[in-house]
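First comes the structure, then the notes that go with it.
There are 2 protein chains.
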Amino acid sequence: MELNNYISVDCVIFGFDGERLKVLLVDRTLSEGSTSFTDLTLTGNHVYENEPLDAAADRVLFELTGLTNIYLEQFKTFAHPDRLTKENDIKWLQHDGRDPFQRIVSVGYFALLATDQVTLEWKGRNVQWVPVDEVGELAFDHNLILESALLSLRNKIIHEPIGFELLPQKFTLSQVQKVYEIILDTEFDKRNFRKKVARMKYLIPLDEKQKGVAHKPAQLYMFSRDVYGNTKKDLLNFIV
Amino acid sequence: MELNNYISVDCVIFGFDGERLKVLLVDRTLSEGSTSFTDLTLTGNHVYENEPLDAAADRVLFELTGLTNIYLEQFKTFAHPDRLTKENDIKWLQHDGRDPFQRIVSVGYFALLATDQVTLEWKGRNVQWVPVDEVGELAFDHNLILESALLSLRNKIIHEPIGFELLPQKFTLSQVQKVYEIILDTEFDKRNFRKKVARMKYLIPLDEKQKGVAHKPAQLYMFSRDVYGNTKKDLLNFIV
Numbered sequence: 001m002e003l004n005n006y007i008s009v010d011c012v013i014f015g016f017d018g019e020r021l022k023v024l025l026v027d028r029t030l031s032e033g034s035t036s037f038t039d040l041t042l043t044g045n046h047v048y049e050n051e052p053l054d055a056a057a058d059r060v061l062f063e064l065t066g067l068t069n070i071y072l073e074q075f076k077t078f079a080h081p082d083r084l085t086k087e088n089d090i091k092w093l094q095h096d097g098r099d100p101f102q103r104i105v106s107v108g109y110f111a112l113l114a115t116d117q118v119t120l121e122w123k124g125r126n127v128q129w130v131p132v133d134e135v136g137e138l139a140f141d142h143n144l145i146l147e148s149a150l151l152s153l154r155n156k157i158i159h160e161p162i163g164f165e166l167l168p169q170k171f172t173l174s175q176v177q178k179v180y181e182i183i184l185d186t187e188f189d190k191r192n193f194r195k196k197v198a199r200m201k202y203l204i205p206l207d208e209k210q211k212g213v214a215h216k217p218a219q220l221y222m223f224s225r226d227v228y229g230n231t232k233k234d235l236l237n238f239i240v
Numbered sequence: 001m002e003l004n005n006y007i008s009v010d011c012v013i014f015g016f017d018g019e020r021l022k023v024l025l026v027d028r029t030l031s032e033g034s035t036s037f038t039d040l041t042l043t044g045n046h047v048y049e050n051e052p053l054d055a056a057a058d059r060v061l062f063e064l065t066g067l068t069n070i071y072l073e074q075f076k077t078f079a080h081p082d083r084l085t086k087e088n089d090i091k092w093l094q095h096d097g098r099d100p101f102q103r104i105v106s107v108g109y110f111a112l113l114a115t116d117q118v119t120l121e122w123k124g125r126n127v128q129w130v131p132v133d134e135v136g137e138l139a140f141d142h143n144l145i146l147e148s149a150l151l152s153l154r155n156k157i158i159h160e161p162i163g164f165e166l167l168p169q170k171f172t173l174s175q176v177q178k179v180y181e182i183i184l185d186t187e188f189d190k191r192n193f194r195k196k197v198a199r200m201k202y203l204i205p206l207d208e209k210q211k212g213v214a215h216k217p218a219q220l221y222m223f224s225r226d227v228y229g230n231t232k233k234d235l236l237n238f239i240v
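If you read the protein sequences in the order shown, they are chains A and B.
Position one of the first sequence corresponds to residue 1 (the working numbering), numbered consecutively onward.
Position one of the second sequence corresponds to residue 1 (the working numbering), numbered consecutively onward.
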């Protein structure tokens with residue numbers, strides 16, 4: 001199967017380690033003649049001629065994680081005529097046998113991972129988690145794509161309970177608060193936050209507590225997609 | 001300037017006439033040899049080689065309305081390998097001098113118009129407003145694009161005050177309620193809705209009432225983008 005030359009997907013893969021929001025980046029190293037550089041890119045690839053966009057994004061994620069049921073969402077498409085015209089990008093594309101003056105449409109997806117289970121090598125390139133607030137200058141227009149993904153994530157987390165995708169299956173309310181605080185770049189009063197959370201019928205307390213912690217173990221909860229499906233309408237009326 | 005063969009924008013232009021949500025559609029008529037049909041498409045076009053996506057969508061809207069400051073948002077991209085393979089679509093593309101087997105990426109935008117000021121002819125084709133719930137089978141994958149735009153509009157109107165883009169500059173609270181009811185396909189209790197609206201500091205009562213109505217004239221309001229910019233944070237805390 002041939003790859004389509006002008007349609008690609010870029011995946012902004014977010015993870016949360018309990019403290020920080022991170023994004024999965026891949027090394028890009030080129031050493032050829034007088035050209036020598038190493039920098040980082042998002043994960044992505046061209047789509048195959050007969051491949052739908054979602055399938056291409058799923059494929060990239062599967063290659064990186066071995067997982068198939070990851071939260072993945074198309075958020076924006078990037079096709080500015082000048083998006084691939086930085087000097088290193090031109091050299092990289094030429095080295096890769098591509099025409100750097102071909103206009104490439106990149107469809108952006110963001111993914112939320114509750115696991116650090118990713119391959120550390122992908123297509124012969126090193127893969128690493130980088131805290132979102134420590135990301136430097138990326139290749140191509142990938143800083144723009146990352147910023148745009150963050151914006152979509154922030155907008156979405158306000159009205160859909162996707163934050164739980166970043167948490168383990170069983171989690172504490174402190175962990176929930178931390179995810180929301182990190183993504184929305186704000187701090188919540190613990191007592192008010194708990195009051196709001198208490199109204200979320202889809203957060204189910206379990207008969208279990210944390211294990212192996214130094215402090216008093218906290219109650220564990222789960223997120224019920226079933227219950228959320230049936231309370232969505234209420235939420236909506238609550239908000240409008 | 002040449003048009004790019006594989007990147008297009010499709011614009012789902014919504015309007016509200018005080019009673020119904022409508023979408024702007026364009027006639028597509030082909031009569032050639034044994035082929036003869038008339039159906040409807042969304043408004044859209046290929047992008048020029050050096051044209052950013054947003055500029056292409058702006059251009060389509062300007063051609064149709066003469067307006068430049070319309071609410072316009074990229075919502076999803078469509079590039080399924082089979083999206084242009086219906087028989088009439090193939091004939092139409094061939095008639096138009098295009099290769100129907102070229103995979104075309106279409107970037108979907110939705111626009112909200114508070115005016116019915118649109119041209120009635122565009123590129124020699126008739127233009128018409130059709131109530132969203134009366135739209136039949138459209139050309140290409142345009143039903144899918146329309147449904148997806150509606151979904152985005154519904155999701156967005158819950159957490160951002162974009163409903164006002166569909167209303168005249170000065171409006172009544174009944175009109176606000178109607179817009180939300182139509183788009184969310186629900187009914188709100190008038191008294192509860194007014195209570196919620198009263199908390200929206202960006203809805204400013206004017207020293208004016210409706211004119212020329214048979215019933216008791218209602219208070220007119222305006223939407224203040226300035227005030228909304230400063231209350232957004234509160235709203236966010238209110239919701240989460």
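By construction, the Cβ of each residue, glycine as well, lies at the ideal position given by its N, Cα and C atoms.
Name the residue from the options whose alpha carbon lies nearest to the alpha carbon of residue i.
i	options	result
residue 3 of chain A	A:9, A:26, A:170, A:47	A:47
residue 135 of chain B	B:14, B:9, B:103, B:7	B:14
residue 128 of chain B	B:222, B:231, B:42, B:206	B:42
residue 26 of chain B	B:56, B:207, B:130, B:115	B:130
residue 222 of chain A	A:213, A:200, A:212	A:200
residue 164 of chain B	B:11, B:16, B:1	B:16
residue 153 of chain B	B:88, B:72, B:53	B:72
residue 92 of chain B	B:53, B:112, B:140	B:140
residue 105 of chain B	A:70, A:53, A:217	A:53
residue 112 of chain A	A:213, A:224, A:70	A:70
State the Cα-Cα distance for the pair residue i and residue j, rounded to the nearest angstrom.
i	j	result
residue 107 of chain B	residue 60 of chain B	13 Å
residue 110 of chain A	residue 76 of chain A	9 Å
residue 85 of chain B	residue 95 of chain A	36 Å
residue 67 of chain A	residue 63 of chain B	46 Å
residue 80 of chain B	residue 203 of chain B	42 Å
residue 219 of chain B	residue 184 of chain A	37 Å
residue 9 of chain A	residue 49 of chain A	13 Å
residue 6 of chain B	residue 29 of chain A	31 Å
residue 138 of chain A	residue 40 of chain A	5 Å
residue 45 of chain B	residue 142 of chain A	27 Å
residue 166 of chain A	residue 116 of chain A	10 Å
residue 123 of chain A	residue 11 of chain A	15 Å
residue 89 of chain A	residue 38 of chain A	11 Å
residue 226 of chain A	residue 187 of chain B	25 Å
residue 206 of chain A	residue 189 of chain B	37 Å
residue 169 of chain A	residue 209 of chain B	55 Å
residue 65 of chain B	residue 224 of chain A	47 Å
Starting from residue i, find everything on chain B with Cβ-Cβ shorter than 8 Å and list it in chain order.
i	result
residue 52 of chain A	79, 80, 81
List the residues of chain A that residue i touches, going by C-beta distances under 8 Å, in chain order.
i	result
residue 76 of chain B	74
When we look at the beta-carbon of residue i and count the other beta-carbons within 10 Å, is it buried (16 or more) or exposed?
i	result
residue 145 of chain A	buried
residue 121 of chain B	exposed
residue 229 of chain B	exposed
residue 118 of chain B	buried
residue 261 of chain A	Because chain A is modelled from 1 through 240, residue 261 of chain A falls outside the range shown and cannot be assessed.
residue 215 of chain A	exposed
residue 238 of chain A	Its pLDDT being 39, under 50, residue 238 of chain A is placed unreliably by the model, and the measurement read from it follows with that caveat. Exposed: under 16 other Cβ atoms inside 10 Å.
residue 18 of chain B	exposed
residue 55 of chain A	exposed
residue 87 of chain A	exposed
residue 51 of chain B	buried
residue 58 of chain A	buried
residue 132 of chain A	buried
Who are the neighbours of residue i on chain B, taking C-beta pairs under 7 Å?
i	result
residue 142 of chain A	Going along chain B, no residue has its Cβ under 7 Å from residue 142 of chain A, so there is no contact; the nearest lies around 17 Å.
Give the interface partners of residue i over in chain B, defined as CB-CB distance under 9 Å, in chain order.
i	result
residue 105 of chain A	6, 7, 53, 77, 79, 105, 107
residue 49 of chain A	81, 103
Worksheet item: Given 8 Å as the limit, is there contact between the region 20-28 of chain B and the region 187-204 of chain A, that is, 3 or more CB pairs closer than that?
Response: Touching, no.
Worksheet item: Is the region 28-36 of chain B touching the region 171-181 of chain B in the sense that three or more CB pairs, one from each, lie closer than 8 Å?
Response: no
Practice prompt. Decide if the region 178-185 of chain A is in contact with the region 99-106 of chain A; the criterion is three or more beta carbon pairs, one per stretch, under 8 Å apart.
Written response: no
Item to complete: Specify whether the region 151-170 of chain B and the region 148-164 of chain A touch according to this definition: at least 3 beta carbon pairs, one from each stretch, less than 8 Å apart.
Response: yes
Discussion item. Does the region 62-80 of chain A come into contact with the region 136-156 of chain A, if we say contact requires no fewer than three beta-carbon pairs (one atom in each stretch) closer than 8 Å?
Written reply: yes
Item to complete: Can you give me, in chain order, the residues of the region 159-188 of chain B that have a beta carbon less than 9 Å from any beta carbon in chain C?
Response: In the structure shown, chain C does not exist; the protein chains are A and B.
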